Amino acid sequence: MQRIPEEKIDEIRSQADIVDVVGNYVQLKKQGRNYSGLCPFHGEKTPSFTVSPEKQIFHCFGCGKGGNIFSFLMQIDGLSFVESVKKVADMTHIPLDIEISSGDGSPASRPDSQEGKMIEIHQLTSKLYHYLLMETEEGQEALQYLLERGMSEQELDHFEIGFAPAHASTVTTFLKKREVDLSLAVESGLLTERDDGNIVDRFRNRIMFPIKNDRGQLVGFSGRLFNQEDGPKYLNSPETPIFNKRQILYHFSDARQEIRKKEEILLLEGYMDVISSVSAEFNNAVASMGTSLTEEHVQMIRRVTNRAIICYDGDRAGIEASFKAGTLLAEQHKLEVFVLQLPNGKDPDDFIRSEGVEKFTEVYMHQRLTWTAFKLQFLRRNRNLQNETDKIAYLGEALAEIGKLDQAVERELYLKQLGSEFELSMEALKQQLQQSLVSAKPKPRDYGGPPPEDYGEYPVYDGGGGPAYEEFSFQQPTQTPSAGLTSEKRLLKYMLEDRDAFIQIRNMMQEQEIDFYHDNYKALYTYLIGFYATGNDANPLVLMDQLPDDMTRNLVSELEMMVLNTEVSTEEYQDYVASLRKASIERDIKEKEQQLQIASQQGEMTLAFELARTITAMRADLKK
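Using full-length UniProt numbering, read the sequence shown as starting at 1 and increasing by one per residue.
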């Protein structure tokens, strides 16, 4: 395996922008000198993930992950160091004329994982399926079916759609000839093992849709029946180490850039819906593949946009699915949600192919319903509004929904619509709305008497801009870091960013015969000694590439995010070193005090006397 020269790595690192690269995975917003967003490495509702364009690093203050542009791709895409350098080079259009494969021997590279081999098997099989559809007599019937449905050969190529023949061993034989581990192909879901021990193809006589994860890796398939009624219409890959439907949205990796550009995602139900939408130049379309939207899906969406357009099938099941998905997005995760309802119960694929792109564009741009408008329509279902009981029940539910709105203008708009439809005065509707809000307000907790003043006041409804009641919560006080820990952090930061500071501080620590106390700080200090000993100048980005573990890289990114005075004196270094010395002596005193207590309890008075003298001397040393 050819190594990438250090000069080339430096060139790629210097020309790439970490904001652009991370922005492909995280919805970033400018905040002062940095950018922030929701961390892609752990679920969160409040952004704690920060990217510094000035320092070219990222750090999450929630989970602690951090690093540079290469380590971000290594963690988010599961790449080796060399693979991440190649990917950044491709993104920044820097020529890198080497063949990339794993196992290059660099510190950050890894041998092929089982998951990586499964993905390779899927990629190989996908090419076979596509060839069988487009180039063989066996695939002609399936190809003709797709063309008659209005699909073009360009669409078939773009989405890599294929065909699985009816034979039981087409893929099995194909993989065996290429010396692929068939047991791994079984584990990956491509093949299946019968009770008699024979291994056969899982997918047969089906049109095949390749499925990629959010990194663009091919991890599964969905096979569609097209000329028979026997079996489920769609057969998906089973749950495997690389395929989990809860974590995958069809077309998401390809749609990510367009979602950012349009600042909204188009949520559909099926594969054909996505393909038709993309052909209509709605490249922000994704599908949940017939399954309900999950928390994992929502986390993926929130990292790229705050607005979702739901366009599920127009039948009863599709409307109910829209309500369920919208509730999850809008009410639990606070996204801006709109709903498209296509006429005559059509799905997006049927509508685009029958009515045309222009008509779908008109619906998309100008006939989208706000989430509240859709909910009000949804609440009318199965109600006879000519019946007084149903009408009153609907009005109560509608007013409860309107009462949830934060904006007075929105509330006024929907109240006027209700008043006009049911011939009710605004005064009556507002009075009823006020009553419903007061009755819906949670009761204060009963403490058996008035609440202690230390716990704050009970929140109250403000009577104006919607329900203002929120339960008060108790928060643990933030623990202030010890002086010793603060000194360790600051000393390491100065040593990271200045070679001369490193030498000066190291000499001071050696004179005082002290070391860093915390293991991860001590480890970074050790790596810094080796880094500078090999002739490197201070460069945290280069250092990160040479560190062997994520924990130490995380510490470097954390220290780099700290803002300290750049004009620092020798006296300040001495103060921090003195603080380390003091913290070390205090820890030793505590240890000796514990030994003294044990010696006294066991009657070892000579040892107790010696320990007491030692403790007295150490306390005197503290005062120097």
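For every residue, glycine included, the Cβ atom is placed at its ideal position computed from N, Cα and C.
Since the model is a prediction, treat every value here as computed from it, not as a measurement.
Problem set entry | Local conformation of residue 455 per DSSP, three classes | Unreliable placement is indicated for residue 455, whose pLDDT of 30 sits below 50; no coordinate value is reported for it.
Problem set entry | residue 473 classed as buried or exposed, judged by whether at least 16 other C-beta atoms fall within 10 angstroms | Residue placement at residue 473 cannot be trusted, given a pLDDT of 32 that sits under 50; the coordinates are not used to answer.
Exercise. Quick one: what's residue 193 bridged to in DSSP?
Worked result: 199
Exercise. Is DSSP giving residue 10 helix, strand or coil here?
Worked result: It is helical.
Exercise. On the three-state DSSP scale, how would you describe residue 227?
Worked result: coil
Exercise. Between the C-alpha atoms of residue 300 and residue 259, what's the straight-line distance to the nearest angstrom?
Worked result: Near 12 Å, if we compare the C-alpha coordinates of residue 259 and residue 300.
Problem set entry | Identity of the residue in 24, 484, 278 and 547 nearest residue 584 by Cα | The shortest Cα separation from residue 584 among 24, 484, 278 and 547 belongs to 484.
Problem set entry | Helix, strand or coil at residue 341 according to DSSP, with G and I counted as helix | coil
Problem set entry | Reference residue 532, options 511, 506, 552 and 520, closest by Cα | 506
Problem set entry | Assigned exposure category for residue 6 - 16 Cβ within 10 Å defines buried | exposed
Problem set entry | Endpoints, the alpha helix (DSSP H) within which residue 581 is located | 570-601
Problem set entry | Status (buried if at least 16 other CB within 10 Å, exposed otherwise) for residue 398 | buried
Problem set entry | Three CB pairs or more closer than 8 Å across the segment 354-365 and the segment 314-324 | no
Exercise. Nearest to residue 230 by alpha carbon, out of 248, 205, 538 and 75?
Worked result: 205
Exercise. With DSSP run on the structure shown, which of helix, strand or coil describes residue 348?
Worked result: helix
For this session: Determine the closest residue to residue 557 out of 69, 180, 377 and 304, with distance taken between C-alpha atoms.
Result: 69
For this session: Return yes when the Cβ of residue 200 is within less than 8 Å of the Cβ of residue 166, no when it is not.
Result: Residue 166 is not a Cβ neighbour of residue 200, given a cutoff of 8 Å.
Exercise. Between residue 495 and residue 614, what straight-line distance do the alpha-carbon atoms span, to the nearest angstrom?
Worked result: 34 Å
Problem set entry | Closest by C-alpha distance to residue 23, when choosing among 80, 188, 155 and 253 | 253
Exercise. Which value, in whole angstroms, describes the spacing of the CA atoms of residue 587 and residue 605?
Worked result: 23 Å
Problem set entry | Residue range of the unbroken beta strand (DSSP E) whose run includes residue 35 | 34-37
Exercise. At which residues does the beta strand (DSSP E) containing residue 548 begin and terminate?
Worked result: Following the DSSP letters along the chain, one finds residue 548 in no beta strand (DSSP E), marked with neither H nor E.
Exercise. Going by Cα to Cα distance, which pick from 544, 525 and 512 is closest to residue 622?
Worked result: It is 512.
For this session: Could you check if residue 224 is buried or exposed, using at least 16 other CB atoms within 10 Å of its CB as the buried criterion?
Result: buried
Exercise. Counting only beta-carbon atoms, is residue 585 nearer than 8 Å to chain B?
Worked result: Annotation note: the requested chain B is absent from the structure, which comprises a single protein chain.
For this session: Name, in chain order, the residues that DSSP records as bridge partners for residue 234.
Result: 224
Exercise. Does the pairing of the segment 262-269 with the segment 209-222 give three or more beta-carbon distances under 8 Å?
Worked result: no
Problem set entry | alpha helix (DSSP H) segment containing residue 4, residue limits | Unbroken run through residue 4: none, as it is neither H nor E.
Problem set entry | Beta bridge counterpart(s) of residue 250 as assigned by DSSP | 287
Exercise. Do the segment 271-283 and the segment 322-331 meet, that is, are 3 or more Cβ pairs less than 8 Å apart?
Worked result: no
Exercise. To which residues of the same chain is residue 60 closer than 8 Å at the C-beta, ignoring the five residues directly before and after it?
Worked result: 39, 41, 42, 48, 49, 50 and 66
Problem set entry | Residues that DSSP places opposite residue 210 in a beta bridge | 221
Problem set entry | Beta-carbon spacing of residue 185, residue 175 below 8 Å | Contact: yes.
Problem set entry | Whether residue 356 touches residue 339 by CB criterion (8 Å) | no
Exercise. Can you name, in chain order, every residue of its own chain whose Cβ lies under 6 Å from the Cβ of residue 560, other than the five neighbours on each side?
Worked result: 55, 57 and 540
Exercise. Roughly how many whole angstroms lie between the Cα atoms of residue 149 and residue 308?
Worked result: 28 Å
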